[in-house]
Amino acid sequence: MRAPIATAGKAAIILGIALLFAVASGGSTGDVPEPLGLWTGAMHGPTPKTLAGAAVVDFAAIEALLPGKPLLLDVGPAARKPEDFPSDRPWLPIHRSLPNAIWMPGAGAAPLAAAREDLFYRRIGELTHGDKAKPIVVFCRPDCWGGWNAGKRLVRKGYTSVSWFPAGIDGWQERRETAEVKPDADWIAEPAR
Amino acid sequence: MKILPLALSVALIGATPAPYVVAADTTATSDERAARWKAIAQYIFGDRKIEPTDTLIKLDAPERAEDAALMPVTLTMPEKDKIKSVYLVIDDNPSPLAAHVSFGPAADPGSLQLRVRVDTYTNVHAVAETRDGRLFGTVAFVKASGGCSAPVASSDDEAMQGIGEMRMKFAEGAGPGKSMQATLMVRHPNFSGMQMNQLTRNYTPSRYIDKLSVSYGDRKIFDLDADISLSTNPVITFSFVPEGKGPLKVIASDTKNGRWEQSFDTTTTN
Chain H
5 MRAPIATAGK AAIILGIALL FAVASGGSTG DVPEPLGLWT GAMHGPTPKT
55 LAGAAVVDFA AIEALLPGKP LLLDVGPAAR KPEDFPSDRP WLPIHRSLPN
105 AIWMPGAGAA PLAAAREDLF YRRIGELTHG DKAKPIVVFC RPDCWGGWNA
155 GKRLVRKGYT SVSWFPAGID GWQERRETAE VKPDADWIAE PAR
Chain B
452 MKILPLALSV ALIGATPAPY VVAADTTATS DERAARWKAI AQYIFGDRKI
502 EPTDTLIKLD APERAEDAAL MPVTLTMPEK DKIKSVYLVI DDNPSPLAAH
552 VSFGPAADPG SLQLRVRVDT YTNVHAVAET RDGRLFGTVA FVKASGGCSA
602 PVASSDDEAM QGIGEMRMKF AEGAGPGKSM QATLMVRHPN FSGMQMNQLT
652 RNYTPSRYID KLSVSYGDRK IFDLDADISL STNPVITFSF VPEGKGPLKV
702 IASDTKNGRW EQSFDTTTTN
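Below, the structure written as structure tokens:
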């Protein structure tokens, strides 16, 4: 009778350890933990399930937020024209996003030059009319750290109603139509440094 | 399905090519997509009219691609003797014209398959140019995204390994004088310029196959003009009529002055 008990005890210990890891990482095993600050690694890759200080939202939550007219902030990258692209071929980049989104391509990059980061905060300040409690939804594409970083920047700056939508444009276009959006004019007016 | 030709013919009054009505579309977006296609068509075809067709060219693409960087597209041209060339347009890719294939005397233009990158949920148009100079188009909506910027490999060095190497597979069962199907595979990263090196975090400069020419003996099978929408390690399935003396010869060139040439004996598979 001792052997089965010992086995059961061992299993319980293993289960306990597994649970401990699951809790520590904020979800199922294999999750990506939140970095302490901004993520400065490769922009494309698995992202955490959480963003401290912000809500992590899915499509249903976005729909519930929309009547409150949140600032929809798209930080997805802009298309880059190949350096050797022939002049007689059509180069017609288009960016489809959530309707009425403000698009600041590359605003989730880290590190970001101080002047660019200042501009980012200035534009957000203008777009929210200085209301730190204004609901803001940040996103790009799935597996994109840009959205996470942009959300982190807003939380750090004291914005209190930040939502991060990890499924991003893909999560939206799965259920609703997208609209063509142009880059925020002020954001792209100053050259990237 | 009966609605589609009607909707298309209505939309086509005024000789404006328009996409089929997509179920998820709102009218505004449908108009936006139609306007987009009109602008692209104007760029590629000028004022030439594109007639709708259910018979001259068919486009098969998965409604939902498993991998947006490797979406298979099959073009079928049942009335193959009428076909001079085909265009594949991925409307919402930054470079919409993915491929233009001009068939030569040794071609069997009945079907063509290639693999492409798709940047966002988009209409895909296939346009056939007939020998008498008319254009016929068809469209499909595909759900795939992120294909143009998806990393090629864990490192650029790895992606560049074996660049220009080719393999050819022949389908079995072709008799003498009959057309034969072949699949060409070219090792090439086809860097789009939009892929970030995962280690250095710099964008890898573009380098992609822009010309591919395939002939049998001294007779042309096809010329392909391509660009960044073609997947890494391009794979093209085509048919040809192996009349006269071979071999099957492929010449590929890229935008960084790479040029590769290889011949294949149709009696053996390399």
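These protein sequences, in sequence, are chains H and B. Under my numbering, the first sequence has 124 at position 120, and the numbering climbs by one with no breaks. Under my numbering, the second sequence has 630 at position 179, and the numbering climbs by one with no breaks. Note that CB positions come from ideal geometry on N, CA and C, so glycine has one too. For clarity, every value in this text was computed on a predicted model and none was experimentally measured.
is_contact[residue i, chain H] using C-beta, thresh 7 Å
i, result
"residue 480 of chain B", "yes"
"residue 706 of chain B", "yes"
"residue 571 of chain B", "yes"
"residue 545 of chain B", "yes"
"residue 645 of chain B", "yes"
"residue 682 of chain B", "no"
"residue 714 of chain B", "no"
"residue 679 of chain B", "yes"
"residue 494 of chain B", "yes"
"residue 748 of chain B", "Past the edges of chain B, shown from 452 to 721, lies residue 748 of chain B, and the structure says nothing about it."
"residue 472 of chain B", "The predicted position of residue 472 of chain B is uncertain, since its pLDDT is 38 and thus under 50; no value can be drawn from it."
"residue 596 of chain B", "yes"
"residue 657 of chain B", "yes"
"residue 548 of chain B", "yes"
"residue 649 of chain B", "yes"
For residue i: DSSP bridge partner residues
i, result
"residue 525 of chain B", "B/511 and B/564"
"residue 168 of chain H", "H/60 and H/142"
"residue 687 of chain B", "B/565 and B/635"
"residue 664 of chain B", "B/674 and B/702"
"residue 618 of chain B", "B/636"
"residue 502 of chain B", "B/587"
"residue 712 of chain B", "B/702"
"residue 658 of chain B", "B/642"
"residue 574 of chain B", "B/592"
"residue 559 of chain B", "B/690"
"residue 538 of chain B", "B/551 and B/578"
"residue 681 of chain B", "B/567"
"residue 187 of chain H", "H/107"
Beta carbon proximity, residue i to chain B, threshold 7 Å
i, result
"residue 95 of chain H", "yes"
"residue 196 of chain H", "Low local confidence applies: a pLDDT of 49 at residue 196 of chain H is under 50, so the model's placement there is unreliable, with the coordinate-based value given in what follows. Chain B, which has no Cβ nearer than 7 Å to the Cβ of residue 196 of chain H, makes this no."
"residue 181 of chain H", "yes"
"residue 130 of chain H", "no"
"residue 87 of chain H", "yes"
"residue 191 of chain H", "no"
"residue 174 of chain H", "yes"
"residue 84 of chain H", "yes"
"residue 98 of chain H", "yes"
"residue 120 of chain H", "no"
"residue 117 of chain H", "no"
"residue 113 of chain H", "no"
"residue 46 of chain H", "yes"
"residue 177 of chain H", "yes"
"residue 145 of chain H", "yes"
"residue 186 of chain H", "no"
Residue closest to residue i, alpha-carbon to alpha-carbon, out of the options
i, options, result
"residue 71 of chain H", "H/140, H/42 and H/39", "H/140"
"residue 187 of chain H", "H/39, H/68, H/101 and H/121", "H/101"
"residue 581 of chain B", "B/676, B/504 and B/489", "B/504"
"residue 135 of chain H", "H/165, H/149, H/108 and H/155", "H/165"
"residue 703 of chain B", "B/673, B/692 and B/693", "B/673"
"residue 715 of chain B", "B/585, B/709, B/696 and B/708", "B/696"
"residue 52 of chain H", "H/183, H/78 and H/156", "H/156"
"residue 603 of chain B", "B/565, B/585 and B/654", "B/654"
"residue 543 of chain B", "B/511, B/597 and B/525", "B/597"
"residue 607 of chain B", "B/591, B/651 and B/487", "B/651"
"residue 538 of chain B", "B/482, B/713, B/507 and B/657", "B/507"
"residue 584 of chain B", "B/705, B/525, B/710 and B/500", "B/500"
"residue 185 of chain H", "H/56, H/80, H/74 and H/57", "H/80"
"residue 620 of chain B", "B/558, B/688 and B/487", "B/688"
is_contact[residue i, chain C] using C-beta, thresh 7 Å
i, result
"residue 664 of chain B", "Checking the listed chains, one finds no chain C in this structure; the protein chains it contains are H and B."
Between the region 125-137 of chain H and the region 160-179 of chain H, can you find at least three pairs of beta-carbon atoms closer than 8 Å? With a cut-off of 8 Å, the region 125-137 of chain H and the region 160-179 of chain H count as touching, because enough Cβ pairs lie within range.
Contact between the region 649-666 of chain B and the region 530-540 of chain B (3+ Cβ pairs under 8 Å): With a cut-off of 8 Å, the region 530-540 of chain B and the region 649-666 of chain B do not count as touching, because too few Cβ pairs lie within range.
contact_flag[the region 627-641 of chain B, the region 70-86 of chain H] where n(CB pairs < 8 Å) is 3 or more: The region 627-641 of chain B is not in contact with the region 70-86 of chain H.
Is there contact between the region 560-573 of chain B and the region 604-618 of chain B, where contact requires at least three CB pairs shorter than 8 Å? no
Assess, as a yes-or-no matter, whether the region 670-685 of chain B is touched by the region 640-649 of chain B under the definition of 3 or more beta carbon pairs within less than 8 Å. yes
In chain order, each alpha helix (DSSP H) run of at least 4 residues that lies wholly inside the region 584-615 of chain B: 607-611
Could you give the uninterrupted runs of the beta strand (DSSP E) lying entirely in the region 49-108 of chain H, keeping only those of 3 residues or more? 75-78
Any chance the region 61-71 of chain H sits against the region 171-186 of chain H, with 3 or more Cβ pairs inside 8 Å? yes
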